[in-house]
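Residue numbers (the numbering used here): 27 to 402.
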C-alpha cells in the first residue's frame with residue numbers, strides 16, 4: 027500500500043522531457059484536464075508567465091543584495107517549475123508552511139513583492155500577514171515548518187475542515203528530526219498534509235548523496251506515507267502530482283510525500299560561494315534541463331508561444347521587477363519600538379520593563395547627539 031512511485035525506467039516521473047516533448051500518463055493526466063482541454067492554452071500561457079516573472083524576481087532580488095539593498099537573499103534559480111507547479115495546485119483555503127526559499131510559492135499565494143523583501147532587508151520579523159494569504163512567514167530553522175504544517179493539518183481534521191496543509195523543505199532538511207517526527211504524527215493521525223521536498227542536490231555545501239544513499243522519497247513509505255518522485259524541472263508533473271496529493275488529503279486519505287528532483291543553479295544564499303564545492307560540469311549538465319527552456323520548447327511546438335506572448339510576459343516581468351526595486355529601496359525603516367511587537371499575545375510587565383529601559387537608552391543617545399552638536 028505504502029510505496030514510492032517512479033517512472034517506468036526507475037527515474038523520476040516526467041511529463042515534459044528536457045527537449046519539451048510531452049509524454050502521457052494515465053494516472054497524472056486526469057489531474058491536467060484544464061491543461062489538455064478547452065482553454066488549455068490560457069492555462070499554459072499563465073504557467074509560462076509565472077515561471078518567467080518569478081525568475082525575474084529572483085534575479086532582481088539577487089542584484090539588490092549585491093548592491094547593498096538587501097542583507098541576504100536565498101536564490102531559487104532552477105527551481106521555478108517545482109514551486110510554480112505545486113503552488114498553482116493549491117486552493118485559497120489551503121495553508122502553506124515553507125522554508126526560506128519558496129518565493130515563487132509566495133508569488134502564487136498573492137504576496138506583494140515588497141513584502142517578499144522585508145525580512146531580507148531587515149525591516150520586519152515577518153514580511154506578510156499569514157492569514158491574509160494562507161501562507162506562514164518564511165522559516166529559517168531547517169525543517170521546523172513541517173511540525174507547524176502537521177499540527178495545522180491535525181487542527182483542520184479536528185475541526186472537520188475540507189482544506190489541506192502543505193509544507194516545503196529541501197533535501198538537507200530530511201535529515202532533521204523535526205521532519206521525521208512530523209511524518210510520524212501525520213501518518214499516525216492521517217493528517218491532511220502534503221510533504222513537498224525540493225531535492226536541489228545540495229544541502230548548503232554537502233551533496234545529497236552524502237546523506238541519502240537511496241532516493242529520499244523511499245523514506246516516506248517507512249512511515250506509512252505514500253510517495254512519488256517527480257522531475258522537479260517539469261512544471262506539469264509537479265502540478266499534477268501536487269493536485270493528486272491534495273485530493274488525497276482533502277478526501278480523508280491522509281498525508282503524501284512528493285520528492286521533486288531539481289537543482290539549485292545559484293548559491294545556497296548570497297553569502298555562499300558554490301564554486302568552492304561544486305563542479306562546473308555539473309552546473310552545465312543541469313543547465314540543459316532548464317525548466318523554462320523546456321516549457322518554451324513545448325509551448326512553441328503547441329503553437330502557443332509566439333512573439334506576442336513573449337512580449338507580453340517580458341513586459342509583465344519588467345513591471346514586477348521595477349516595482350520590486352522601487353518599493354524595496356524606498357521601504358521605510360520600522361520604528362525602534364517595533365521590536366517589542368508580536369513577542370507575546372498579551373502585554374506583560376517583563377516586556378514593559380524592557381521597553382522602558384530601551385526608550386530611556388534611546389533618549390540618552392538623542393541627548394548625547396544634542397550635546398555633541400552644541401559642542402561643534
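No residue lacks a Cβ here, since even glycine has one placed at the ideal position from N, Cα and C.
All figures in this text were calculated on a predicted structure; none of them were measured in a lab.
Pairing residue 389 with residue 362, the inter-Cα distance amounts to about 12 Å. Take residue 359, set aside five residues on each side of it, and the residues of its chain with a beta-carbon closer than 8 Å to its own are 149, in chain order. For residue 196, the uninterrupted beta strand (DSSP E) run begins and ends at 191-196, by DSSP. The alpha carbon of residue 286 has as its nearest neighbour, out of 67, 107, 93, 130, the alpha carbon of 107. Here DSSP, grouped into helix, strand and coil, assigns residue 284 to strand. Taking the CA atoms as reference points, residue 227 sits about 22 Å from residue 321. A Cβ-Cβ separation of about 7 Å places residue 191 in contact with residue 123 under the 8 Å criterion. Check the Cα spacing between residue 93 and each of 351, 120, 81: the tightest is with 351. Within the model, the alpha-carbon separation for residue 66 versus residue 376 is close to 58 Å.
Between residue 74 and residue 309, the C-beta gap is not smaller than 8 Å, which leaves the two residues out of contact. Within the same chain, 249 come within 8 Å of residue 210 by CB-CB distance, once the 5 residues on both sides are set aside. Looking at the DSSP output, residue 161 bridges to 122.
DSSP lists 229 as the beta-bridge partner residues of residue 232.
The residue among 184, 173, 118, 258 with its C-alpha nearest the C-alpha of residue 156 is 118. Residue 318 places its beta carbon less than 8 Å from that of residue 77. Judged by DSSP secondary structure, residue 369 falls outside any alpha helix (DSSP H); it is assigned neither H nor E. As computed with DSSP, residue 31 is found in a beta bridge with 254. Collapsing the DSSP output to three states places residue 249 in coil. The beta-bridge partner set that DSSP reports for residue 221 consists of 193, 283. For residue 244, there is no enclosing alpha helix (DSSP H), since its DSSP letter is neither H nor E.
For residue 39, DSSP records a beta bridge to 256.
In this model, residue 271 and residue 374 are separated by some 43 Å (Cα to Cα). A Cβ-Cβ separation of about 4 Å places residue 217 in contact with residue 179 under the 8 Å criterion.
Selection 302, 345, 260, 133 evaluated against residue 46 yields 260 as nearest (Cα-Cα).
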